[in-house]
Amino acid sequence: MFSIHNLPHALPGEKVIMILRRDAFILFKKVIFFIILVLLPLPFFIILSSFYATIFTGAISYPAIVLLTSAYFLFCWLFFFFSFIDYYLDTWIITNKRIVDVRQDGFFSRKIAEQKLSRVQDVSSAIKGFFPTILKYGDVHVQTAAAEQMFLFNEIPNPDGVRALIAKLAHSARHPKDEE
Amino acid sequence: MSFPLYFLLFAYFIFLAVWIFFSFVSFYHISKFGVKNFTMFFAVFIYFAIAFLIFVISYDLIIGIDWGVVVSLSDGFSPESSSNYINY
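Put into structure tokens, the structure is as follows:
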């Protein structure tokens, strides 16, 4: 486990300016989807009990239903837990020297990329869609001079503010004398 | 063709093994890459607490079942021994 305020391979004089995750609405959507998944068997059980009332007392059907339902809820719970981990571990860290992109892709894939702010060439933000416009979340694209040219901050809150911050920090990193 | 009812339990245990494996993979990700704070501790605690609750409820519901019943596939999944219905 690492503390985000003690960055691994921190550069001398490096300070964390901002830690970003996707907007809380993205997590809210996952919660809603989980609630729907949990409630899904309910109408199924109501229909079954009205047409085949004995199915919940049968010597074979009853244990089969209990085990299937238990497995279903355990699966839903694991699915939701991993969705939360996926949300929580996908982090973008902006320091006064670099930007770090930490990404969890599925169960067995993890990607960490970093880029010095002095190599940032262009920053743009985009808000597309109904909910992003209402709730003010969107994407920030960071173009760098490195081989892997694009940094994408997905569905983050206040993308315009983040764009302005990165542009300002990149300018400061390229022209340190301007700041003195 | 027939099979004993406890075969269903075996299938459930296989599922449980896979579930436990993926739960520990998730736990590994959190412990290795997560941030040391209350949110993560709380998330892990809630995850295992709810999972434990599901196990306890499931166990409570299946404790009285006669797993020795033989299921006959040729006779529409009807039990060949023991009582046809469970009284609760």
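Those protein sequences? They're chains A and B, same order as listed.
Here my numbering is used: the first residue of the first sequence is 1, the next is one more, and so on.
Here my numbering is used: the first residue of the second sequence is 1, the next is one more, and so on.
Glycine included, each C-beta is placed from N, C-alpha and C at the ideal position.
- Just so you know, the alpha carbons of Tyr-137 of chain A and Leu-165 of chain A end up roughly 16 Å apart.
- Per DSSP, Ile-60 of chain A is not a residue of any alpha helix (DSSP H), being assigned neither H nor E.
- With a threshold of 8 Å between beta carbons, Ala-49 of chain B makes no contact with chain A.
- Per DSSP, the unbroken beta strand (DSSP E) holding Lys-116 of chain A starts and ends at 110-116.
- Residue pairing by DSSP puts Asp-122 of chain A in a beta bridge opposite A:Gln-143.
- Within chain A, the C-beta atoms nearer than 7 Å to that of Leu-61 of chain B come from Val-66, in chain order.
- For Ser-58 of chain B, the chain A residues whose Cβ falls inside 7 Å of its Cβ are Val-66 and Ser-70, in order along the chain.
- Per DSSP, Leu-48 of chain A has no beta bridge partner at all.
- Listed along chain A is no residue with a C-beta nearer than 8 Å to that of Ile-14 of chain B; the closest approach is about 10 Å.
- Under DSSP, Phe-153 of chain A shares a beta bridge with A:Val-140.
- Look at Ala-59 of chain A: its C-beta is under 8 Å from a C-beta on chain B.
- For Phe-34 of chain A, not one C-beta of chain B is nearer than 8 Å to its own C-beta.
- In the structure shown, the three-state DSSP call for Met-18 of chain A is strand.
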